[in-house]
Amino acid sequence: TVGCVVVDSQGRCAAATSTGGLMNKMSGRIGDSPLIGSGTYACDLCAVSCTGEGEAIIRGTLARDVAAVMEYKGLQLQEAVDYVIKHRLDDGKAGMIAVSNKGEVAYGFNCVGMFRGCATEDGFMEVGIWE
Amino acid sequence: MGGWSIAVHGGAGVDPNLPLQRQEAAKQLLTRCLNLGISALRSSLSAIDVVEHVVRELETDPLFNSGRGAALTEKGTVEMEASIMDGPKRRCGAVSGLTTVKNPISLARLVMDKSPHSYLAFSGAEEFAKQQGVELVDNDYFITEENLGMLKLAKEANTIMFDYRIPLIGLETCGAGAAMESPIQMNGLPISVYAPE
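First to last, the protein sequences are chains A and B. The opening residue of the first sequence carries number 1 in the working numbering; numbering runs sequentially from there. The opening residue of the second sequence carries number 1001 in the working numbering; numbering runs sequentially from there.
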């Protein structure tokens, strides 16, 4: 699975996710990536793209929950990502990237590694795999 | 109002023994895609255009599990899916079950912009792709030698696996062998058959 989240200089957020799914999957199987609110979500507040165990991400409505805890619990972006990864996955393994309309960028995962990169207008740039 | 920011991912759940040159290749692709997005943002492209642009690049490169290099079904074919969402008005588009569309994310964008729906799948999505004139290729285009090998390993271990870029040796660590260790179930299967992506 691959994904990208962006907030532009006008504060507009967007998210995109694309995948081939699971190796050796049954034909017709649908995972989290095309499901709005599970693998992909964007609103005024933030944009989120998820990857990992599709069935766990779907059951946890993972991407929408990041926006929901920001909206209803007043969490900041990284807090929201950490909260959702910690409390919404049961025993599932997943990762996500997110941006907020304030220009913040965040990511989190509870499995071994995640291929990710992030950058902000003030010059920060990071590409990583492991912790 | 803060400035722009961007993040990309290529999948979660990486084999701890992934060879260094694979790790390096992944980092180079992620860096290339970040730079693609950064120059688009500096040219004042909108967020929705930038995410589509960057994911197209990731789909075209065979390194990660999407587009060319996508994981294979039990039949050895490719069925792809994608979704895109624009924050300001929460508009969205999604597709599933694609077998010939070169860039699934662009078809998801067309579902959002050019159809009255938010999700099209399988033959309906392929029909819409023809109507919209997006680039179509044979299913073989998406299939790589490496993934044929991975599918063979997954079948031998009788597991359903995420796109787990593992060296050709050592599957037993995440296949049936691991299944014995963990009694936890996910949708009726031992949790360990869902090797993290």
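Virtual Cβ for every residue (Gly too), placed ideally from N, Cα, C.
Item, Value
"List, in chain order, every chain B residue whose beta-carbon is nearer than 8 Å to that of A/Tyr41.", "Met1085"
"Can you name, in chain order, every residue of its own chain whose Cβ lies under 7 Å from the Cβ of A/Val99, other than the five neighbours on each side?", "Val5, Val6, Val7, Cys13, Cys46, Ala47, Val105"
"Kindly say whether B/Phe1128, judged by its beta-carbon, lies nearer than 9 Å to any beta-carbon of chain A.", "no"
"Who does B/Asp1049 pair with in a DSSP beta bridge?", "Answer is none; B/Asp1049 lacks a bridge partner."
"Mind checking B/Ser1005: buried by the 16 CB within 10 Å criterion, or exposed?", "buried"
"Name, please, each residue of chain A whose Cβ falls closer than 8 Å to the Cβ of B/Met1198.", "Nothing about residue 1198 of chain B can be reported from this structure: the residues present for chain B run from 1001 to 1197 only."
"Per DSSP, which one or two residues make a beta bridge with A/Gly73?", "Note that residue 73 of chain A is Lys in the sequence shown here, rather than Gly. According to DSSP, A/Lys73 bridges with nothing at all."
"Once DSSP output is grouped into helix, strand and coil, what is the label at A/Val5?", "strand"
"For a test of the three-state rule: what should DSSP assign to B/Ala1176, helix, strand or coil?", "With a pLDDT of 34 at B/Ala1176, under the threshold of 50, the modelled position of that residue is not reliable, and no figure is offered here."
"Only counting the same chain, and skipping five residues up and downstream in sequence, which positions put a Cβ closer than 8 Å to that of B/Val1050?", "Ile1006, Gly1037, Ala1040, Leu1041"
"Rounded to whole angstroms, what is the Cα-Cα separation between B/His1053 and B/Val1008?", "12 Å"
"Step through the CB atoms of chain A and report whether any lies within less than 9 Å of the CB of B/Glu1059.", "yes"
"In three-state DSSP terms, what is A/Ser100?", "strand"
"Note down, in chain order, every chain A residue with its Cβ under 8 Å from the Cβ of B/Pro1062.", "Neighbours of B/Pro1062 on chain A: none; closest Cβ ~11 Å, over 8 Å."
"Does the beta-carbon of A/Ser33 have 16 or more other beta-carbons within 10 angstroms, so that it is buried, or is it exposed?", "buried"
"Going by other Cβ atoms of all chains shown within 10 Å of its Cβ, with 16 needed for buried, is B/Gly1010 buried or exposed?", "buried"
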